[in-house]
Structures are given as structure tokens and as C-alpha cells.
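This report refers to the structure that appears directly beneath it.
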DNA sequence: GAAAATGCTGATAGCGTTCTCAGCCACCGG
DNA sequence: CCGGTGGCTGAGAACGCTATCAGCATTTTC
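Residue numbers (my numbering), protein chains in the order written: chain A, 1 to 362; chain B, 1001 to 1362.
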């Protein structure tokens, strides 16, 4: 009877055909309970036993049945994803990543929109009240003190994404915005640009400050003084990018390169440049940040910083489940932080400046 | 004992506190099985009994436990969502709608990307092999014969979205693209435009044909002859829109209005117009289709056809679950079709033509 | 060296629903 | 009046998992 790995099923119509925990237990020569322990990563199982169970799981290609699991009391993990109005491109990448990761575990993702008009705190409260196990906050909500306060008060495990600072007890996934912005600025300086304009992002987001700081770092690092006239305020929106670009190109000594804090605004810079008859990158170099799809749909394609959005949201889901588990064992466990890598993607929107920079308008 | 509606629970830690089917049964004075029958809308329950059960359900505010349900029914529903490369805006709206609907039921959504490079049929086959209960196909895959053939052959219940024709046995959710395009064209004619340019979409999608047909309908309906020079070929992409617009504006008698088959291409038309120094809508009216976020981010905001994307994907999920249920009872059940309403959204990109249309260039 | 603590494992009892099958009743035709 | 038929209902067994608690070695403690 020991060789009976593949049991014959299929007489009863209710059989699903998928292997169950009992099949695994039988193959591994242990009880179902032990298998359950291995699956749930409990630490009171002997290493040898654990290995045998793992092997059996592998061989049978076993996956736990969600329904049974949550029914039996291990309460289906439900994670909330509270978003407001990021760009569509960001949101879809973010959703894809988190969905994928959630699908891997037995995690249910509850996606909730918080419209700009609504009171953020109320929406957050409602979400918490609906009995979620944890919450993921992509930008721009990741920097909303109101929302964070609600979540901290409710003691709901939370992970913020793409912000540079998180309160204690809240997990964080991000890239190093400052280093990335610095690298991009240094790239522009290396091309020979002397006057590099910068368009900031929404001041409510810490990422905006970080990127600006990176820009300043690079200039200072190169021994240049910072001309505040070259720093225009934007809000991450296309529209704000239009205004900021007009502003930058209207100053006495306009920049030969513009570094926008995101691709939407960079696209706006390109649009303004074109409207003014300037060639990009011939007359004006424009670079962005994020590497959203917009970066490759417009012409010329944007040189930008690639931010692994899907990986970040995936990591956020992972981090949150880890936090949940850690918290069950030790309610005072602290929250981790994770910084992922960025890359500078060079495309067609940057070039060395023309010979006599700034001589044009004279 | 009859007054004991609210039972005291909460001693055992596994108790959830929510009323169960047994509570309802007890209150209604029937067995759990009868309650189950009422819940599932089976017709072999006496009307009086049914009413009593309904009443009990109301009083207890009972809601069936999803986990238990799917466990007992062996029917955890898993739906696949196979997408390729629609616009980010479309995808995120689509995901949001379907996720929301899936969350309402106990449905798991498996989202799978089919990259353009890969063989669609293979990806579809792999998806089918992974044991999904049904598949949703948003554009552009909804019009891929290869994918549809695989799904039909595997007899996997499928719903296509935003295509005008579905093979027998495949459900369909869409809007009336033809009527919408006709309405938009009639709107332009009503404004006084005599020469209305049209940019077609990707010829592989039936929606493109439908929109073109609607354009033709309107012109023919108004007693105008159709000038084929006013119809430029596009592919739904921004880039293709640039080329098509150049083409339209270069003909001998250029149009005073351009109707692009989607917003991306309309945005491209606006960009080209601006580059040529034309004011929109002063010198050129530009209208789009879809009402993607792009429509409201660019300047001027686009007059367009609003397509309820999230509602469509929601409806697709609903339809698929209905199909699954119907099929269980009667394997030969046919697939339904559903047409949702569209709306013409008027913004700032359309206006009456200048006095002497076409006299400009002379 | 006995008693108590610890580490690992398994038997059993649920979790809340639906499915199967059997039973009851009323009605029908012969 | 009997067997058959069909409508309605209920008892009990799944469904696949985890919680609980008991049991057995093995240590540790006094």
C-alpha cells in the first residue's frame, strides 16, 4: 500500500481532483496536522520531517484549498489597497504586481478608491472597520498624515510605498529617490549641460523633496552654485508641467536641459518645447522620472529613471504578510523597510547642449 | 425557547459571531437544507416555507459564509483575465471594475499578461491548462481568432469585452460603438462642420470597423457623400495618430474637424495641430472616443464618447459566473450578450467651424 | 533518580455550507 | 384500495483544513 501515490478519485461528483493535505500526509508518512504545520511555517517541526513534507508537496504539486483554510479558522487574509489619484499607468502597474503576489498566497485584495473630495480619514476608518488584516498605501496616500494617523491609531499593519519616511510601526517599500535624482542630474552635467532646470513634484509627497535634494546634491557635488530660478514648482500633473516649463523657458538665461520629477511633467515639457519650435533633444534636453508608459509613447522617447513599480507593490504584499505573521507571534514586532534598485534608462530625449549654450536668445 | 433569537456566542475562540444557516433554520422552524435551497433560489420549496425562511434571514441579517459555501460546493470560482497591451488607462479601469465585482462574490481573479511577442494561442492554452473556470478577454485579445479558437476548443466559458461580434457560445459585453460613432459624427455635423476627418483604429479590432461604420452612417444619413481622403488609417496608438493627422491636414481641402477613434489618437491630433500653429477648437475641432483619463489631462480637454469601462468589466464577471451556473445545469446553455450605454461628453475641444471653411490655406 | 518541563507528533472535533439519499405526503390512474 | 409518481423536506455525510488537547520521547531540574 505504500506505493499508492496516485489514488484513484473521480467516482463522487464532488471530487475536485486536486490533491489534499491528506494525500500529502500519506505520501510523507505523517499526519495531516504535521503537514499543516509545515505549510504554515510553524517552527515546532523537526527538520527531517519538514523536508519530507516539503518533498511530498512538491511531488504532488499540492496547493492548499483556500476555502477550507479560511473556514477552518485561519481567517482568510484580506489586504486593503487604498489609492487616490495616481496616474493610471502607475496604478495599473501597481495593481498588477500586488495582484500577482496576492494570487500566489491565499490573499484577498480589497481595492478601494479614496476620491480627492472625500475626507481621507473617513475612508480609511471605513476601510479599517470592514475588518481588513492590513493595508497598503501607494502614493500619494502614503504621505497623508490623516490616513496614517487613523491606521496607527487602529493598529492596523500598514505598508507605505514610494515614500522616503514612514512612522514607526509602519512598513516601507521604496527606491532611493534622492540617489536616483542625483544620478540623473549628474548624467546631464556629464553631457555638458551647465544650466539644468528642475521641475519639482507635489510638495505633499516626500518623494518630491527627495528628488529635489538629489538634484541639489549633484549640483553641489559638481561645485556649481544652485540658481533657484532654475527650480520650478510642479505637482506631478501634466498641466502643472506645462506651466512650470513655460516658466523655466521664460527666464533670462533659460536652461539647456530640464529634469522633470516625473514623466508626465517631462511630456509636458516636450509639448511646450515643440510649441515653441524647439527641437528635443537638439535645442532642449528633457528627462523624466518613473519610466511610465508615457515615456515610450511620446516622441522623442524619454530618458528617465526606471522605478520597478510592480516589484514594489509585490514586495509590499510580501512585507505585509510577514508583518502579520510576526505580529501574531510577537505583537510588538517592529516594521521593516525595503529599498529596491532603480535604473537610469537612456532613450532619445537627451543630448549634449549646442555649442553656445544660452547664446540663443541674444 | 421561541424568543431566543439572539443566541449568546463567543466562548470558543473560533466562533465568528455571525449568524449561520443553522440559526436561520432554527428561527424559521425548518432544516438547514431548506434554508440552503431558499438561498440558492431552487424552485422546489413551498411558497409559505420560502417566505418564512426569507423572514428569518432578514431578522438575523444573515449572510452566507463564502468559504464554507465554496468548500462544500467544491466550486471556488477562478476566473482568468487575459490581457495584452491595451492602454494603461483602460487596463486599470478594467481591473478595478472586475476586481470589485470579484470581491463581491467569492471569486478569485487570475490576471495574466500575454505579451505581444508571445504566441497568443500558447499563452491561452497554458491559462486553460491551469484549471480556470472561465476567462475574460478585454480588447485587443477579444478579437484574436487564435485565442478564441483555443478557448472554444477547450470549452472554457468565455466572455469578450468591447467587441462587436462574438462566436456562438461566447458571452459578450460591449457598447454600441456604431451608434456612438454615429452620434458623435452627427454632433459635429450639427455644429456646422462640412468636412469631418476620421481616424480609424486598429483594423484587427471589430470595434474599429463599427466606429467607422457609424461615421459613414451619419454622413450618409445627412445626405453627404463620403470622401475617402478624409478617412485616415490609425492603430489606436498615439504615434499612429500623429501620422494620420498629418495626412489629413495635408490633403487639398483639409477637414475642419477630426474624429479620432480613440482619445490617444485625438490627443495626437491636438499635438499636431498645435505644432502647426492651429488653435483647437478655434481652427480645428478634435474629438475622441473612450473618455480615458488622457481626455481630461490634455489641453483642451477632449469632447469624447464615454465608455463605462469599469461597468463593462464588472458585467463581464457577473456574466461569466451566470454562465458557469447555467452550464452546470444545462451544458448546452447558450451565451448571453449585453450592450451598455455610452454617453457623448462635451468638453472644450469642439466648436463650430470658422466662417469660410477650407478657405484658409488659399 | 524521580518529577517536571520541553519538543515533536497525531487523533479528534469542529468551521458553515451543500450534496445525496431517503422519507413523507398528496394525488392520480386503474 | 393499491402501486406509482411527483412535490417538498430533512438527516447525515462530505468538503479540506486548523485548533485543541493528549501522548510519547527526550531533556532538564532539584
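Glycine is no exception: its CB is placed at the ideal position from the N, C-alpha and C atoms.
N-terminal and C-terminal residue of the alpha helix (DSSP H) that residue i is part of
i              : result
residue 261/A  : Neither: residue 261/A is in no alpha helix (DSSP H) and is coded neither H nor E.
residue 1127/B : 1120-1129
residue 1171/B : Element bounds for residue 1171/B: not the alpha helix (DSSP H) but the beta strand (DSSP E), 1171-1175.
residue 147/A  : 145-154
residue 1296/B : 1294-1297
residue 363/A  : The shown model of chain A, from 1 to 362, leaves out residue 363/A, and the question about it has no answer.
residue 1067/B : 1066-1073
The beta strand (DSSP E) enclosing residue i, as first and last residue numbers
i              : result
residue 1137/B : 1134-1137
residue 1030/B : Element bounds for residue 1030/B: n/a, residue is neither H nor E.
Sheet register partners of residue i (DSSP bridge)
i              : result
residue 285/A  : 257/A
residue 343/A  : 306/A
residue 108/A  : 78/A
residue 337/A  : 172/A
residue 1083/B : 1113/B
Within 8 Å, strictly: CB atoms of residue i and residue j
i              : j              : result
residue 1136/B : residue 1340/B : no
residue 1218/B : residue 1186/B : yes
residue 1320/B : residue 1171/B : yes
residue 138/A  : residue 86/A   : yes
residue 260/A  : residue 241/A  : yes
residue 1272/B : residue 1280/B : no
residue 67/A   : residue 1071/B : yes
residue 1115/B : residue 1077/B : no
residue 1256/B : residue 1210/B : no
residue 1128/B : residue 1156/B : yes
residue 1304/B : residue 1295/B : yes
residue 140/A  : residue 205/A  : yes
residue 300/A  : residue 347/A  : yes
residue 1197/B : residue 1107/B : no
residue 199/A  : residue 166/A  : no
residue 318/A  : residue 101/A  : yes
residue 1092/B : residue 95/A   : yes
residue 266/A  : residue 282/A  : no
residue 35/A   : residue 21/A   : yes
Assigned secondary structure, residue i (DSSP; H/G/I helix, E/B strand, else coil)
i              : result
residue 236/A  : coil
residue 1277/B : coil
residue 1231/B : strand
residue 1357/B : Unreliable placement is indicated for residue 1357/B, whose pLDDT of 45 sits below 50; the coordinate value is still reported in the next sentence. Residue state, collapsed to three classes: coil.
residue 1163/B : coil
residue 13/A   : Confidence is the limiting factor: at residue 13/A the pLDDT is only 46, short of 50, which leaves the residue's position unreliable, though a coordinate-based value still follows. Correct three-state label for residue 13/A: coil.
residue 1158/B : strand
residue 290/A  : strand
residue 350/A  : coil
residue 1301/B : coil
residue 88/A   : helix
residue 1018/B : coil
residue 1251/B : coil
residue 63/A   : coil
residue 362/A  : Because residue 362/A sits at a pLDDT of 37, beneath the cut-off of 50, its placement in the model cannot be relied upon, and the following sentence gives the value as read from the coordinates. Correct three-state label for residue 362/A: coil.
residue 1097/B : helix
residue 1042/B : coil
Can you list the alpha helix (DSSP H) stretches of 4 or more residues lying completely in the segment 1179-1227 of chain B, in chain order?
1206-1221
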